[in-house]
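So the structure is just underneath, and the comments pick up after that.
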Amino acid sequence: QGDPERKLRFDWAPPEVSARGSPNFALPPFSFDIYSFGVLVLKLLRGRAWAQEVLKNEETWMAIHAARSDVQQAGLSVDFLATMLHRTLPEKRPLASHILTSLSKSRRTNGSAAASGPQSAPITRVAPAA
Numbered sequence: 003q004g005d006p007e008r009k010l011r012f013d014w015a016p017p018e019v020s021a022r023g024s025p026n027f028a029l030p031p032f033s034f035d036i037y038s039f040g041v042l043v044l045k046l047l048r049g050r051a052w053a054q055e056v057l058k059n060e061e062t063w064m065a066i067h068a069a070r071s072d073v074q075q076a077g078l079s080v081d082f083l084a085t086m087l088h089r090t091l092p093e094k095r096p097l098a099s100h101i102l103t104s105l106s107k108s109r110r111t112n113g114s115a116a117a118s119g120p121q122s123a124p125i126t127r128v129a130p131a132a
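Heads up: the sequence shown begins at 3 in my numbering, then just goes up one per residue.
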């Protein structure tokens, strides 16, 4: 539908999935959802245009580090978000179940303060699923 010359960008897809030769995005889901979530976080924190420029750049970590205050206000650490967006080793990205486990433990540890956002301690590591 629409203009056939218009190319759609899947900027939310991890590099290994959006590369040529990946039939129907048929790669392991362990990296796909987490990378996409990381892209969404970047877009929400700084806007789509900024996120797209960051994702084109090989130095993603440095750009995320420059946005440290925004990342921390979202309850994440720079290192944690950078791990979600790992370009060269998708197996280093955390599993969704690990993120959920970490968030659950953080809420239990910090009580209702964890749900309030910026006052919460940022997530700095991922706990393995039980």
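Glycine residues also receive a C-beta, built at the ideal position from the N, C-alpha and C atoms.
Under the DSSP assignment, R70 falls in the alpha helix (DSSP H) whose first and last residues are R70 to Q75. The continuous stretches of alpha helix (DSSP H) do not include K94, and DSSP gives it neither H nor E. With 16 or more other Cβ atoms from the protein chains shown falling within 10 Å of its own Cβ, A69 counts as buried. Residue environment: R95 is assigned as buried (16 or more neighbouring CB atoms within 10 Å of its CB, all protein chains considered).
Taking all protein chains shown into account, L57 has 16 or more neighbouring C-beta atoms within 10 Å of its C-beta and is therefore buried.
For S38, the closest alpha carbon among the candidates T85, A65 and S106 is that of T85.
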